[in-house]
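Residue numbers (the UniProt record's numbering): 1 to 95. Data block below; observations after.
The structure is reproduced here in C-alpha cells:
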C-alpha cells in the first residue's frame, strides 16, 4: 500500500485528528477526555473495533493511551500509543 502523503503530512494529520477530537466535548485541545476517546476510538481504529469484543478493545485502547491514569490523554500519550500500535500493525503486515 503506497501512499502519496509524506511522513511530515501524516504527522500533521495526526496532530489535526487529535485536536479535532480533543475540542469536541471539553473544549481543551491539549487533552482527550473519556467521552472524546469513546468517539475517536471506533472512528479512527475501525479494524480493531469490528471484532466481537469491541467494547473490551475500546476500553483497553483507552486504558493504554491514558498512561498515567488521570482520565485524560495528552498528545504525548496519544502519540506514544500510536507508535506502539504502528509497530503492532507492522508486525502483522509481515505475516
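Positions of the beta carbon are idealized from the N, C-alpha and C atoms, including for glycine.
>> With the cut-off set at 8 Å, would you say residue 56 and residue 66 are in Cβ contact?
In response: no
> Between residue 97 and residue 32, is the Cβ-Cβ spacing less than 8 Å?
Replying inline: The displayed coordinates of the chain run from 1 to 95. Any statement about residue 97 would go beyond what the structure contains.
> Under the rule that 16 or more other beta-carbon atoms within 10 Å means buried, what is residue 41, buried or exposed?
Replying inline: buried
> Can you give the beta carbon distance from residue 29 to residue 23, rounded, assuming they're within the 8 Å contact cut?
Replying inline: 5 Å
> Start and end of the beta strand (DSSP E) containing residue 74?
Replying inline: 72–74
> In terms of DSSP beta bridges, what is residue 32 paired with?
Replying inline: 73
>> I need the boundaries of the alpha helix (DSSP H) containing residue 5, first residue and last residue.
In response: That residue, residue 5, is in no alpha helix (DSSP H); it is neither H nor E in DSSP.
>> Measuring only the C-alpha atoms, how far is residue 62 from residue 94?
In response: 26 Å
> Between the C-alpha atoms of residue 39 and residue 60, what's the straight-line distance to the nearest angstrom?
Replying inline: 14 Å
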